[in-house]
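Working notes for the structure below.
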Amino acid sequence: MFRRLTTARLVVDVSIGVVFFLVAAPLEVATTGVTGLPARFGPGLETGLAVAIALLFSAALAIRRLSPGLALGAAWVGAIIQMALGRPPSFADFAIFGVLYVTAAYGTRLVYWAGLASATLGAVVITVYLLVGPVFAAGGLSWQTLPIALVMLVAAAFALGLSWTTGALVRTAVRARENKRAQERAEAEAIAEQERVRIARDMHDVVAHSLAVIVAQADGARYALAAGATDAAATGSAASDSSVATEALGTISSTARSALSDVRLLLTQLRHSQGDGPQPTLADLEQLYAQVRAAGVALAVDVDPAPPGVPPAAVQLAVYRILQEALTNALRHKGEGGVRVRLAWHPDRVLLDVRNAVGSTPAGGSGHGLVGMSERAKLIGGTLDAGVSGDEFVVSAALPIGGGPR
Numbered sequence: 005m006f007r008r009l010t011t012a013r014l015v016v017d018v019s020i021g022v023v024f025f026l027v028a029a030p031l032e033v034a035t036t037g038v039t040g041l042p043a044r045f046g047p048g049l050e051t052g053l054a055v056a057i058a059l060l061f062s063a064a065l066a067i068r069r070l071s072p073g074l075a076l077g078a079a080w081v082g083a084i085i086q087m088a089l090g091r092p093p094s095f096a097d098f099a100i101f102g103v104l105y106v107t108a109a110y111g112t113r114l115v116y117w118a119g120l121a122s123a124t125l126g127a128v129v130i131t132v133y134l135l136v137g138p139v140f141a142a143g144g145l146s147w148q149t150l151p152i153a154l155v156m157l158v159a160a161a162f163a164l165g166l167s168w169t170t171g172a173l174v175r176t177a178v179r180a181r182e183n184k185r186a187q188e189r190a191e192a193e194a195i196a197e198q199e200r201v202r203i204a205r206d207m208h209d210v211v212a213h214s215l216a217v218i219v220a221q222a223d224g225a226r227y228a229l230a231a232g233a234t235d236a237a238a239t240g241s242a243a244s245d246s247s248v249a250t251e252a253l254g255t256i257s258s259t260a261r262s263a264l265s266d267v268r269l270l271l272t273q274l275r276h277s278q279g280d281g282p283q284p285t286l287a288d289l290e291q292l293y294a295q296v297r298a299a300g301v302a303l304a305v306d307v308d309p310a311p312p313g314v315p316p317a318a319v320q321l322a323v324y325r326i327l328q329e330a331l332t333n334a335l336r337h338k339g340e341g342g343v344r345v346r347l348a349w350h351p352d353r354v355l356l357d358v359r360n361a362v363g364s365t366p367a368g369g370s371g372h373g374l375v376g377m378s379e380r381a382k383l384i385g386g387t388l389d390a391g392v393s394g395d396e397f398v399v400s401a402a403l404p405i406g407g408g409p410r
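Here the sequence shown stands for residues 5 to 410, where the numbers follow this note's numbering.
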């Protein structure tokens with residue numbers, strides 16, 4: 005029943021109502037005596053009723069935005085008392101226009117239609133009220149008085165209907181603005197969600213690959229130290245195995261630092277949606293290959309034909325991320341053989357193929373990496389297939405070079 009209004013708006017509305025009352029009350033009192041009521045009840049009652057009518061209309065004006073329904077009810081009560089006393093239209097009746105406006109602009113659905121009904125019924129009532137005396141005094145409705153009645157009805161309907169229609173137009177404009185804001189918020193949330201998914205995918209790629217390298221290097225260092233301890237006990241020398249362990253630990257350190265730097269970049273992008281840190285390119289593939297080889301995996305890379313010029317950044321990023329995830333999977337599931345990578349750059353597309361032998365002991369995984377590779381390919385309009393073929397796990401992708409992020 006009551007709408008939420010700011011204190012400033014409420015103060016403004018109440019102030020308007022007070023000023024309106026200070027003007028309307030004297031004018032209502034000034035009309036005292038024109039109805040003949042003082043002759044029967046005394047001038048005091050007529051004056052009191054005049055002030056009450058002004059108060060009702062002023063109150064309706066003061067609460068019109070706070071409670072359009074109550075304002076409409078107060079205006080109807082004031083109008084009924086006014087007509088019951090036979091009083092002529094006065095300045096106080098102008099409040100009706102403001103009330104009809106807010107019923108259409110800010111009222112509930114029920115109040116909205118009640119305002120339209122009030123405007124329609126009010127036009128008929130005021131026409132009948134103003135004409136009933138003169139018409140009956142002239143002997144009833146005739147061809148002479150009918151045009152006057154029609155003109156009065158049209159004028160009243162136009163004035164009351166215009167107030168309500170103006171409010172309805174404002175209501176439509178407000179709803180349109182609200183719908184537009186809601187749509188903009190929904191679009192912004194969708195974009196933010198897409199960005200979060202992208203960052204989560206990047207973070208998974210970075211962390212999963214780096215941790216796979218670290219685990220492989222840590223295992224190698226552990227085995228090297230164990231072998232060194234055995235050799236030292238047998239021969240009194242472990243320099244070779246110690247150097248292998250030192251190299252493995254160095255790879256672990258550099259990989260962890262690189263992963264930490266990448267994760268910090270991704271977290272910065274997560275905090276600042278406009279962050280535009282450097283993305284991996286084809287030039288970074290050699291470093292990726294070196295990390296895999298340092299983990300003890302025999303990696304063979306074949307690039308034929310070579311890239312025609314400089315591929316789009318989106319294609320370079322997709323190739324890097326897909327290769328990163330595919331090589332990470334190869335480290336997790338490595339078997340007896342090595343890993344073969346083949347890149348074939350054609351004028352309109354690049355074909356990517358990664359093959360590795362499947363290990364006898366399956367490693368656990370959430371499957372997020374395969375989904376991420378597929379998403380990467382789809383983002384630029386490409387396709388990706390991944391699965392076991394014979395005793396090999398194969399990742400094949402076809403990416404359009406002319407494509408861009410969709």
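We put the beta carbon where it would ideally sit given N, CA and C, even for glycine.
> How is P404 classed by DSSP in three states: helix, strand or coil?
Replying inline: strand
> When the distance is taken between beta carbons, is V301 closer than 8 Å to A348?
Replying inline: V301 sits away from A348, with the two beta carbons spaced by 8 Å or more.
> Under a three-way DSSP split, which group does S258 fall into?
Replying inline: helix
> So, helix, strand or coil for R113, using DSSP?
Replying inline: helix
>> Please report the distance separating the alpha-carbon of A108 from that of P284.
In response: 58 Å
> Pick from L76, L403, L31 and G224: whose alpha carbon is nearest that of G111?
Replying inline: L76
> Based on the DSSP output, what are the partners of W349 in its beta bridges?
Replying inline: V354
> Opposite F397 in the DSSP bridges: which residues?
Replying inline: N360 and V392
> Hey, out of P351, D352 and L356, whose CA is closest to R344's CA?
Replying inline: Among P351, D352 and L356, the Cα nearest to that of R344 belongs to L356.
>> Does V307 come out as helix, strand or coil in the three-state DSSP assignment?
In response: Strand.
> Would you call the region 89 to 97 and the region 148 to 166 touching, i.e. three or more CB-CB distances under 8 Å?
Replying inline: no
>> To the nearest angstrom, how far is the alpha carbon of G224 from that of V362?
In response: 20 Å
> What separation, rounded to the nearest whole angstrom, lies between the Cα atoms of Y105 and G171?
Replying inline: 5 Å
> Terminal residues of the continuous alpha helix (DSSP H) containing G78?
Replying inline: With the sequence shown as reference, residue 78 is identified as Ala, and Gly is not the correct amino acid for it. Run containing A78: P72 to A88, per the alpha helix (DSSP H) assignment.
>> Are the CB atoms of S71 and R13 within a distance shorter than 8 Å?
In response: no
> In the DSSP assignment, what are the bridge partners of T332?
Replying inline: Beta-bridge pairing links T332 to no other residue.
>> For the alpha helix (DSSP H) containing Q283, name the first residue and the last one.
In response: No alpha helix (DSSP H) holds Q283; DSSP gives it neither H nor E.
> Is G386 closer than 8 Å to L403 when the C-beta atoms are compared?
Replying inline: yes
>> Just to check my reading of the structure: V305 and L331 have Cβ atoms closer than 8 Å, yes? What is that Cβ distance to the nearest angstrom?
In response: Actually they are not in contact, since the Cβ atoms of V305 and L331 sit about 10 Å apart, beyond 8 Å.
> Do I405 and A322 have their C-beta atoms closer together than 8 Å?
Replying inline: no
> Alpha carbon to alpha carbon, what distance is there between G165 and L53?
Replying inline: 28 Å
> Assuming L292 and L253 make a contact with CB atoms under 8 Å, what is their CB distance in whole Å?
Replying inline: In fact, because the Cβ distance is near 20 Å, the residues do not count as touching under 8 Å.
> Does the beta-carbon of H276 have 16 or more other beta-carbons within 10 angstroms, so that it is buried, or is it exposed?
Replying inline: Caution is warranted here: a pLDDT of 46 is assigned to H276, below 50, making its placement in the model unreliable, and no coordinate value can be reported.
> What whole-angstrom Cβ distance do A34 and A58 have, given they're in contact under 8 Å?
Replying inline: A34 to A58, Cβ: 11 Å. No contact.
>> Using only the alpha-carbon positions, how far apart do L31 and V23 sit?
In response: 13 Å
>> What would DSSP say about A300, mapped onto helix, strand or coil?
In response: The amino acid occupying residue 300 in the given sequence is Gly; Ala does not appear at that position. Note: G300 maps to coil in three-state DSSP.
>> What would DSSP say about A242, mapped onto helix, strand or coil?
In response: Unreliable positioning characterises A242 in this predicted model, as indicated by a pLDDT of 49, which lies under 50. A coordinate reading is not provided.
> Which word fits D17, buried or exposed, when buried means at least 16 other C-beta atoms lie within 10 angstroms of its C-beta?
Replying inline: buried
> Going by the CB atoms, is the gap between G73 and P115 shorter than 8 Å?
Replying inline: Residue identity check: residue 115 is Val in the sequence provided, not Pro. Taking 8 Å as the Cβ cut-off, V115 and G73 qualify as a contacting pair.
> Using the beta-carbon count (16 or more within 10 Å), is L65 buried or exposed?
Replying inline: buried
>> With distance defined between alpha-carbon atoms, name the residue in A298, A294, R181 and T169 nearest to Q221.
In response: A298
> Exposed or buried, what is M5 when buried is set at 16 or more other beta-carbons lying within 10 Å of its beta-carbon?
Replying inline: exposed
>> Classify W117: buried if its beta carbon has 16 or more other beta carbons within 10 angstroms, exposed otherwise.
In response: exposed
>> Please classify S62 as buried or exposed, where buried requires at least 16 other C-beta atoms within 10 Å of its C-beta.
In response: Sixteen is the threshold: when 16 or more other Cβ atoms of the shown chains lie within 10 Å of the Cβ of S62, as they do, the residue is buried.
> What residue does the alpha helix (DSSP H) around T11 start on, and which one ends it?
Replying inline: T11 to A34
> Assuming A88 and L60 make a contact with CB atoms under 8 Å, what is their CB distance in whole Å?
Replying inline: At roughly 13 Å, the Cβ-Cβ gap does not stay under 8 Å, so A88 and L60 are not in contact.
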